[in-house]
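*Asks:* Mind having a look at this structure? Questions to follow.
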Amino acid sequence: MKYQTPTGMRDLLEDDLELFDKILKNAQKIADFYRFKKIETPILENSEIFEKGTGAFTDIVEKEMFSLTTKGGDRLTLRPELTPPIVRAYIENGMQALPKPVNLWYAGPCFRHERPQSGRFRQFYQLGFETFGAVEPVIDALIILTCYAVLKSLGLKNLVVQVNSIGCSSCRPYFKKTLTSHLKKSLSSLCANCKGRLKKNPLRILDCKEEKCERIKKSCPQILDHLCKNCHDHFKALLEFLEPAGIPFSLNPYLVRGLDYYTKTVFEIVQESGKSQGSLAGGGRYDDLVKLLGGKPTPACGAAIGLDRVVLLLKGSQEKKEKQERADVFLAQVGDLAKQKSLILLESFRQAGIDLAQTISKDSLSSQLRTASKLEAQFSLIFGHQEALKDQIIVREMSSGRQKTIALAKAVQEIKKRLK
RNA sequence: GCGGCUAUAGUGUAGCGGUAACACUGUUCCCUGUGGAGGAGCCAUCGCCGGUUCGAAUCCGACUAGCCGCCCCA
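Structure follows, in structure tokens:
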């Protein structure tokens, strides 16, 4: 095969698209209920918003972005995630003046240059919720609840929210120092990757899955013990909202996430049991990002759901039903004159709201009727040269084979009556 | 970026050194204006390039892609 989709990118055919549509529909309802407004942003953005927003030392920015330079010299990047673009849009469209909180939701493709595997593509689809202008921990709970509700509405089982707090700009630097000095003691036992992380982003070491590092992690100071009072109270309050909301959650002190902008709450939703394919959704609070990207200091919180992964799970759970394509009525035509008059006839049925199928490019009557059978049409309209000359048409009841000739002008009316 | 496995019609498979087979789908015909059944035909330069060989879908090597792990995340 000469041409195929680029690595990690695929065509979405009807089977997939139906599931995507279903998720989107459910999300739309839930978003409406919780008063989120939909937003769409460009697929290309100025590279800087990711370098600053997502973070220069994140894997995403260091090695996973599809970037290009325009003829005019602008550096653009295919969005690897949507939070920084949404923040950009929030500022650019003057939403800072809107009554708070401002709730936005979105769905669309993102791009990351990674090695594809199960549930991971270079072009993948995210659906997310963002809320601006509220510091209250109940908002964090609401964002989690909203994501959880979307996943739940699709019938997914065994969902668990893993939560953690990674502190804020006033307490995290201290923790980083504490952690770094602790880790320096066992520097030689860290994996190569983490040795590098020690300077750039020591928190990420907590997230390392290498066995070596796993062992060291156990003896590490935990961030939850080093939060400032504000962060501590925020986290405690969040948990007190989740509990009665009936959302199953577990504390994961090692959850730090790979994006730089998070403050306080971070969370991921995973499906327990069954094959793990990474998280289904993830998000958190990002109180400093709006300011970082040039807006007024604005607290914010958001999350995104990985649609591809959800679709994968939905596909696995539903048994394949070969859905038969069907039609109520089928038009079979024979001869040039009949074919010429067929288009206007089709239009009159379409306008009357009657499902009239055809294979108008075909000439053979038998093959057309074979198709009519396959479509399980109740009636076929047979429009031959003789009928076309006299402006008549044959109505054939497929089950019995009884047929009668009627005036062409009465075809719509006749079929309407018979279908009842 | 690093590993493991794989690559034959649209789909699912067989073939394991002597120039492609089966099922389903599609399509044409048997039936120059009447379907559901039946029958016949057609639809593949065996992922790409190179090597070994008298001969390669089959063996070997590189490439490309896919799947699955790692990493990371959604």
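Last residue of the first sequence: 1200 in our numbering, with the numbers rising by one and none dropped.
The beta-carbon is built from N, C-alpha and C at its ideal position, and this holds for glycine as well.
Predicted model only: the values in this text are computed from it and were never measured.
Is it true that the CB of C1081 sits closer than 8 angstroms to the CB of C1011?
*Replies:* No, Cβ-Cβ distance for C1011 and C1081 is not below 8 angstroms.
*Asks:* Which residues bound the alpha helix (DSSP H) around P864?
*Replies:* Looking at the DSSP string, the run of the alpha helix (DSSP H) that includes P864 is T863 to E872.
*Asks:* Please classify F813 as buried or exposed, where buried requires at least 16 neighbouring CB atoms within 10 angstroms.
*Replies:* F813 comes out exposed.
*Asks:* Whose C-alpha, out of E820, D795 and F1129, is nearest the C-alpha of Q1193?
*Replies:* The option with the nearest alpha carbon to Q1193 is F1129.
*Asks:* For K782, name the three-state secondary structure that DSSP assigns.
*Replies:* Of the three classes helix, strand and coil, the one that applies to K782 here is coil, per DSSP.
*Asks:* Our contact map puts E872 next to A1084 with C-beta atoms below 8 angstroms; I'd like the distance itself, whole angstroms only.
*Replies:* Contact flag wrong, Cβ pair sits at about 20 angstroms.
*Asks:* Where do the N-terminal and C-terminal ends of the alpha helix (DSSP H) with Q1148 fall, by residue?
*Replies:* L1145 to K1154 is the extent of the alpha helix (DSSP H) around Q1148.
*Asks:* State yes or no: is the C-beta of E1048 within less than 8 angstroms of the C-beta of A1061?
*Replies:* The answer is yes: Cβ separation under 8 angstroms.
*Asks:* Is the separation between the beta-carbon of K997 and that of Y1034 shorter than 8 angstroms?
*Replies:* In contact: K997 and Y1034 (Cβ atoms closer than 8 angstroms).
*Asks:* Go to E794, then tell me how far its alpha helix (DSSP H) extends in each direction, as first and last residue.
*Replies:* It spans E794 to F813 - the alpha helix (DSSP H) in which E794 sits, taken as one unbroken run.
*Asks:* Nearest-angstrom Cα distance between L1018 and L931?
*Replies:* Looking at the two C-alpha atoms, the distance is approximately 20 angstroms.
*Asks:* Looking only at its chain, what residues have a beta carbon closer than 6 angstroms to the beta carbon of P982, apart from the 5 residues adjacent to it on each side?
*Replies:* Only K956, L959 and T960 meet the Cβ criterion.
*Asks:* What does DSSP give as the partner residue(s) for V943 in the beta ladder?
*Replies:* According to DSSP, V943 bridges with L1031 and F1047.
*Asks:* Leaving out five residues before and five after G1115 in sequence, what residues of the same chain have Cβ atoms less than 7 angstroms from its Cβ?
*Replies:* So the qualifying residues of the chain are G1164, H1165 and A1168.
*Asks:* How is F912 classed by DSSP in three states: helix, strand or coil?
*Replies:* Strand at F912.
*Asks:* Would you grab the beta carbon distance between G908 and D1040 for me? Rounded to a whole angstrom, and I think it's under 8 angstroms.
*Replies:* Rounded, the Cβ-Cβ distance is 18 angstroms, inconsistent with contact.
*Asks:* May I ask you to list the residues that DSSP assigns as paired with P889?
*Replies:* In DSSP, P889 forms a bridge with Y905.
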